[in-house]
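The next block holds one structure in the form of C-alpha cells; read it before the comments.
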Amino acid sequence: MKRNFKTSMMVAALTVATLGAFATTIANMPAANDEEYTWHRTGGEAPPEETNPFVGSKTDAENYYGCSGTVNECAVGTPSNLSLPPEVIYQQ
51 MKRNFKTSMM
61 VAALTVATLG
71 AFATTIANMP
81 AANDEEYTWH
91 RTGGEAPPEE
101 TNPFVGSKTD
111 AENYYGCSGT
121 VNECAVGTPS
131 NLSLPPEVIY
141 QQ
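Just so you know, we're using this note's numbering here: the sequence shown kicks off at 51 and counts up by one.
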C-alpha cells in the first residue's frame with residue numbers, strides 16, 4: 051500500500067512538472083502577430099543604425115529604441131514577410 055502511494059505521488063509530480071514545462075514553452079512562443087522586422091532608426095537623438103539594424107518584433111523594437119508615443123517617427127521596420135506593409139514606431 052505504501053509503495054503504491056509513493057509511486058502515485060512520484061507519477062503525479064512528474065506529470066505536473068512536465069505540464070508546467072510544456073505550458074512555459076507554449077507561453078514563450080512568439081504570437082502569430084509578432085512578425086519579425088528589420089528596424090532602422092529614423093529620428094531621435096541617436097544616429098541611424100543603418101550598418102547594424104535591429105531585428106525583432108514591433109514591441110521588441112519599441113523597447114530597444116526606447117520609443118513610446120504617437121507623434122514623431124522613431125524607426126521604420128521592413129517585415130521579413132514582404133507581403134506585409136512596413137511598420138513605423140513613434141516617439142513623443
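For every residue, glycine included, the Cβ atom is placed at its ideal position computed from N, Cα and C.
Output the boundary residues of the beta strand (DSSP E) element that contains residue i.
i, result
"Glu137", "Glu137 to Gln141"
"Asn131", "No beta strand (DSSP E) contains Asn131, which DSSP labels as neither H nor E."
Is residue j closer than 8 angstroms to residue i when the C-beta atoms are compared?
i, j, result
"Ala111", "Tyr140", "no"
Which residues mark the beginning and the end of the alpha helix (DSSP H) in which residue i is found?
i, result
"Glu112", "Lys108 to Tyr115"
Just verifying my parser: in three-state terms, what is the DSSP assignment at residue i?
i, result
"Val105", "strand"
"Thr92", "coil"
"Val66", "helix"
"Val121", "coil"
Hey, does residue i have any beta-carbon neighbour from chain B nearer than 8 angstroms?
i, result
"Ser130", "Given the protein chain composition of this structure (a single chain), no chain B is represented."
Whole-angstrom Cβ separation of residue i and residue j, contact assumed at under 8 angstroms?
i, j, result
"Tyr114", "Gly106", "7 angstroms"
"Pro136", "Glu85", "The Cβ separation is near 11 angstroms, so there is no contact."
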